[in-house]
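Number of protein chains: 4
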Amino acid sequence: MTTVFPENNPQQHKHSHKNNKQHHHGHIHSEESQRKIINRLSRIEGHVRGIKTMINEGRDCPEVLIQIAAIRGALDRVARLILDEHLSECITRAAEEGGIEEEIAALKSALDRFLPS
Amino acid sequence: MTTVFPENNPQQHKHSHKNNKQHHHGHIHSEESQRKIINRLSRIEGHVRGIKTMINEGRDCPEVLIQIAAIRGALDRVARLILDEHLSECITRAAEEGGIEEEIAALKSALDRFLPS
Amino acid sequence: MTTVFPENNPQQHKHSHKNNKQHHHGHIHSEESQRKIINRLSRIEGHVRGIKTMINEGRDCPEVLIQIAAIRGALDRVARLILDEHLSECITRAAEEGGIEEEIAALKSALDRFLPS
Amino acid sequence: MTTVFPENNPQQHKHSHKNNKQHHHGHIHSEESQRKIINRLSRIEGHVRGIKTMINEGRDCPEVLIQIAAIRGALDRVARLILDEHLSECITRAAEEGGIEEEIAALKSALDRFLPS
């Protein structure tokens, strides 16, 4: 894995809305979406743990591969949820505050991250 | 997710080699491979946990999407390791014990699980 | 293939801008983009034709699979170009004409088509 | 696209079985498979041509993206057919002639070409 794992990054950007009028960030604003995404990630985490058990028990490869494919699907769906949030935000901001070019760039950048290339 | 999560399956197939002469299963036999796969799955599990932290901290969507793409890549590499073990086993068994048709079918079935369709 | 091939569709929607004030369509408007996309599709078409030659010549499977993977990559890049055009249009329209919800829906619908699910 | 297009390669390997006892190649041997693969590739070629028509007619992006996704699916199915042929050959050869390691390597190499990494 070449990506630096963010948790270990000491210059962690702690975002705060309190003293921050403009928040042109692409993070999840809705409490409900945030909870939904966290829940799904927790289920994915448990699913990965379950695969370790399968390997330890000597389960057959095709069975294990099915579970890995299921996790991949679940991950893609979480990513899509996050992307949809971002997309709604970008379009809403473009409509309300202008900055069309910035929003187009923000959305393309998110797609670059998400899509296989 | 439509797949039944195997851990919850009560009729869990506990495979044992002791009293079992023929083991035409496609599971991971080598201790080293098994440990390697478990280690990778543990890292993936930690990585998923880290993404939950990112969401809770309100990190930007593109950052989160990069991490999800990294996990997807790591999962694909684990799946490929498992598939390679299976493939080696199938070919070796075909050469040593015959049963060509069974081994071809076993390998195609593993690919069906792994590949996007 | 379950998708109906559009060329054979008799109720072909011939779009015209002349007598059409509002054009809330997501098609490619820029001449340059359109030409670029057509050129890339022509190259893909030639590439597919080249693979037929390879098969007829009895070329090795791995060689053929590399070429198929290359075409898949080229197709994904064309799709991304089309998606980027659409995305720019949706955001621009949202900013200039409002209709935020429609534009969000239009963009999500395009992603649904493009992304593996 | 970084791959060299094989048709333009002057040192084209013209394979012949006549004066060639051992043919450890991974190409398609069965006439029927070869015809099936060529037919599918021809349909894909026509499908790509159809998308050019759609672009020229100014068809909506989501419609075009659906067709591109359909082609991607069709390509993946052709690749899978080719891979299955190769897999059967490798296993059969391993069983009939030995050379287990070579066949394992041949199959892994084919998977490397086919699978996204």
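Protein chains in written order, with numbering that gives the first Met the number 0: chain Z, 0 to 116; chain L, 0 to 116; chain H, 0 to 116; chain R, 0 to 116.
The C-beta atom is built at its ideal place from N, Cα and C for all residues, glycine as well.
Could you spell out the range, first to last residue, of the alpha helix (DSSP H) harbouring residue 112(Z)? 99-113
Give every residue of the same chain whose Cβ lies closer than 8 angstroms to the Cβ of residue 49(L), excluding the five residues on either side of it in the sequence, and list them in chain order. 66
Output yes if chain Z places a C-beta closer than 8 angstroms to the C-beta of residue 21(L); else output no. Bear in mind that a pLDDT of 43 at residue 21(L), under 50, signals an unreliable position, so the model cannot answer this.
If we cut at 8 angstroms on Cβ distances, does residue 107(H) have a partner in chain Z? Among the CB atoms of chain Z, one or more fall inside 8 angstroms of the CB of residue 107(H).
Considering only the alpha carbon of each residue, which of 35(R), 105(R), 64(R) and 52(R) lies closest to residue 54(H)? Closest in C-alpha terms to residue 54(H), from the list 35(R), 105(R), 64(R) and 52(R), comes 35(R).
Note down, in chain order, every chain R residue with its Cβ under 7 angstroms from the Cβ of residue 68(H). 112 and 113
Beta-carbon neighbours of residue 97(L), restricted to chain R and to distances below 9 angstroms: 94
Let me confirm a value: residue 68(H) is counted as buried when at least 16 other C-beta atoms fall within 10 Å, else exposed. Which label applies? buried
What span of residues does the alpha helix (DSSP H) with residue 62(Z) cover, start to end? 60-96
Could you tell me which chain H residues have their CB closer than 7 angstroms to the CB of residue 102(Z), listed as they occur along the chain? 90
Is residue 29(L) close to chain R, meaning its C-beta is less than 8 angstroms from at least one C-beta of that chain? no
Within chain Z, the residues that residue 51(L) reaches when beta carbons sit closer than 9 angstroms: 36, 37, 40, 41 and 44
Got a sec, what are the start and stop residues for the alpha helix (DSSP H) residue 30(L) sits in? 30-55
Would a check of beta-carbon distances place residue 64(H) closer than 8 angstroms to chain R? yes
Within 8 angstroms of chain R by C-beta, residues of the stretch 71-90 of chain H in sequence order: 71, 72, 73, 74, 75, 77, 78, 81, 82, 84 and 85
Quick one: what's got a C-beta closer than 6 angstroms to residue 101(Z)'s C-beta in the same chain, skipping five residues either side? none
Closest Cα partner of residue 104(L) within the set 87(R), 103(R) and 74(R): 87(R)
Which residue from 42(R), 47(R) and 43(R) puts its Cα closest to that of residue 40(H)? Among 42(R), 47(R) and 43(R), the Cα nearest to that of residue 40(H) is on 47(R).
Pairwise C-alpha distance: residue 113(L) and residue 31(L): Take the alpha-carbon of residue 31(L) and the one of residue 113(L): they are about 22 angstroms apart.
Nearest CA to the CA of residue 33(H): which residue from 90(H), 111(H), 92(H) and 78(H)? 78(H)
Suppose contacts are defined by Cβ-Cβ distances below 8 angstroms. Is residue 73(H) in contact with residue 99(H) by that definition? no
Restricting to Cα atoms, I'd like to know which of 57(Z), 80(Z), 95(Z) and 58(Z) is closest to residue 29(Z). 80(Z)
Using a Cβ-Cβ cutoff of less than 6 angstroms, which residues in the same chain neighbour residue 62(R) once the five nearest sequence positions on both sides are dropped? none
What number of angstroms, rounded off, separates the C-alpha of residue 20(R) from the C-alpha of residue 91(R)? Any answer about residue 20(R) is weak, because its pLDDT of 38 lies below 50 and its placement is not dependable; what the coordinates show is given next. About 17 angstroms.
From residue 56(R) to residue 64(R), what does the alpha carbon distance come to, in whole angstroms? 15 angstroms
Spatial neighbours of residue 1(R) within its chain, please: CB distance less than 6 angstroms, with the 5 preceding and 5 following residues excluded, ordered by chain position. Confidence at residue 1(R) is low in this model, with a pLDDT of 36, below 50, so its placement is unreliable and no value can be given for it.
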